[in-house]
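Below: one structure, written as structure tokens.
Next up, the structure:
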């Protein structure tokens, strides 16, 4: 379990891989979404794989690459080699990156050298002031209802940083939402609770072994934190259940999720159909998307799942 903690508020930094303005999907009103880099989970269907590792990473867009190899000439780690065959070039692009070496690189000279903008770094270390500057630029669009949503990755691996950021937002009357996998110590959650207006969190799989197979981690801490929210402030929680065929959609799991929600005070669940929006990002990271043949569930299947959940007095919203 990754957690990055710092005591000196003036020196605290967190790794952010994106800030999106004018979002309307992750909380009320118009929002500024801040995406933190680093996540305890490695879900097979992850839509933001660049958010998994808590290090800056190289994005490579093969369609932009001209094969000039200037990047290889400035690489201090010999991490760049050329593909030779037409088949490899068509599939992977002109160059191969040793991702283990790239992830450890501190300079990324290759990005500055690339004349085609085929290379970029995802992940930037930012202070609370850096983020608040962006929030202040967007604040006039919140209109008393919008605000910020912290997402990722998982913001709660930076507990002290996120607490300070949320505290400052609440002091300025800005609505706050937190999107987290909740696979963190309870202390991390308790730190931010006074400053949260809305929790956005998934409930994926109840069976622990199945959860490990599909996400890489146990769900014990996740379920413990969900119970804590359910018994303290369920009205602030928006639970989301991703429907991934062959992974999360078996009937036993649907019943188990319905029972868990009923027993822990959650009266509403958003059910989200599978999509492949993360597959192109895997390619740019040099990783393999593990569910290439999985298709999105149909309307009838989504309705059947909703019917089961609603039999446990859980209102379902199909997104």
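Residue numbers (the UniProt record's numbering): 1 to 319.
Where is the CB? At the ideal position from N, CA and C, for every residue including glycine.
DSSP places residue 33 inside the beta strand (DSSP E), whose first and last residues are 31-36. 274 is the residue among 274, 302, 298 whose C-alpha sits nearest the C-alpha of residue 291.
Residue range 220-232 is occupied by the alpha helix (DSSP H) that includes residue 225, with no beta strand (DSSP E) assigned at that position. As computed with DSSP, residue 178 is found in a beta bridge with 150, 199. Looking at the DSSP output, residue 57 sits in a beta bridge with 122.
For residue 26, no beta strand (DSSP E) segment is defined, and its DSSP state is neither H nor E. When rounded, the separation of the alpha-carbon atoms in residue 54 and residue 106 is 14 Å. Beta-carbon to beta-carbon, residue 260 and residue 203 are separated by about 7 Å, close enough to satisfy the 8 Å threshold. With contacts defined as CB atoms closer than 7 Å, residue 258 and residue 312 qualify as a contacting pair. Taking the Cβ atoms as the reference, residue 122 lies roughly 14 Å from residue 20, outside the contact range of under 8 Å. At least 7 Å separates the beta-carbon of residue 268 from that of residue 60.
The residue from 310, 309, 34, 17 with its alpha-carbon nearest to that of residue 165 is 34. The residue from 104, 127, 138, 95 with its alpha-carbon nearest to that of residue 118 is 95. When DSSP reads this structure, residue 97 sits in a beta bridge with 80. For residue 109, no beta strand (DSSP E) run applies; the uninterrupted alpha helix (DSSP H) run containing it begins and ends at 109-113, by DSSP. With fewer than 16 other Cβ atoms from the protein chains shown falling within 10 Å of its own Cβ, residue 171 counts as exposed.
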